[in-house]
Amino acid sequence: MIECRHVFKQFNKKEVLKDCHFSLKKGENVGIMGESGTGKSTLARLLVGLEKASSGEILLDGKPYSAKEGAKVLLVFQDATHAVNPLFTVKEILTEARQDTVAQDELVSILNDVGLDESYLTKTSRQLSGGQLQRVCIARALLLKPEVIIFDEALSGLDPLIQGQLLRLLYQLKETYQQTYIFISHDFNLCYAICNRILVMFDGTIVDEITRFENPIQIHHPATQNLLVESQNPKYSKCQLRKMMVTLETK
Ligand SMILES: Nc1ncnc2c1ncn2[C@@H]1O[C@H](COP(=O)(O)OP(=O)(O)O)[C@@H](O)[C@H]1O
Ligand SMILES: [Mg+2]
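The opening position of the sequence shown corresponds to residue 2 in the working numbering, with each subsequent residue numbered one higher.
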């Protein structure tokens, strides 16, 4: 459904994306993994139409995508606190991007879907924890009924326990809404827990693809190896995610 065809992007003559080429099918969970500065967020901004490619094209269902016809591809950012107006209540956050009036029932139902209840509608973002606010941001995206949601490091920086809960939530939402997820992270464990395919970016281009997760994982580029080695670092609290993976697999 998404085709990214030989996409290049320059900023002030600096080539940030170089010949990015891939496609993804409806309903896939695709990871985009890479070190910081490899162009993942730039690619995400191009995919949602916040920026234009210098050359190449991005197609959604065979046509160039324009957000003007309705937001079909949405981005959920890492830092939820900067993604919302701190003075807004949860209700205002949820409804700000919708043109129409959203019925109270729909708001309550979407909050329930992300594991929050009606009482949150009147709270302001300052009264919520990071994980709760990220749930609100996910609910806000869901209310716009996108076909694709891109999570740009959306779980990075959260407590591993919360990461596990949100992974479980995304997995359940996927069953309900049948969306396509693009999951951007530098953390292999997070991608591994939810993706059926991982693209690896290095220096502005896609250098590797992981499609099979049995040991030993087959890789083709040193950048992938570096990311896998780094993901063994105990700071990533693997136990949490390993447990999570088992529940995902047996679901
Ligand atoms: N608007 C911009 N203007 C100039 N350079 C940019 C801009 N956005 C990103 N870059 C540069 O592009 C490179 C890739 O950035 P980014 O896409 O944020 O990488 P990642 O998300 O993988 O960390 C970085 O070197 C960054 O400085
Ligand atoms: Mg980034």
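Glycine included, every Cβ here is placed at the ideal spot set by N, Cα and C.
query, result
"Per-residue burial, Glu154 [other beta carbons within 10 Å of its own, 16 or more giving buried]", "buried"
"Reference Pro161; option with closest CA among Arg198, Tyr178, Ala194", "Ala194"
"Rounded straight-line distance, which links the Cα of Val201 to that of Ala224", "8 Å"
"Buried versus exposed, by CB contacts within 10 Å (16 or more), Phe12", "exposed"
"Counted within 10 angstroms of its Cβ, other Cβ atoms place Lys15 as buried (16 or more) or exposed", "exposed"
"Sequence-distant residues of the same chain with beta carbon closer than 6 Å to Phe152, five excluded per side", "Val77, Phe184"
"Cutoff 6 Å; reference Gln164; Cβ partners in own chain excluding five residues on either side", "Leu156"
"Other residues of its chain near Thr123: CB distance less than 6 Å, five sequence neighbours each side excluded", "Thr90"
"Stretch pair the stretch 136 to 150 + the stretch 59 to 75: three plus CB contacts closer than 8 Å", "yes"
"As assigned by DSSP and simplified to three states, the class of Cys192", "helix"
"Whole-Å CB distance - His187 paired with Met34, under 8 Å assumed", "7 Å"
"Ala81 to Phe214 span [Cα, whole Å]", "30 Å"
"Asp80 (DSSP reduced to helix, strand or coil)", "coil"
"Status (buried if at least 16 other CB within 10 Å, exposed otherwise) for Thr251", "Low per-residue confidence applies at Thr251: pLDDT is 32, beneath 50, and the placement is therefore not dependable, though the value from the model is reported in the following sentence. Result: exposed."
"Minimum C-alpha distance to Asp106 - residue among Thr125, Asn197, Asp118", "Asp118"
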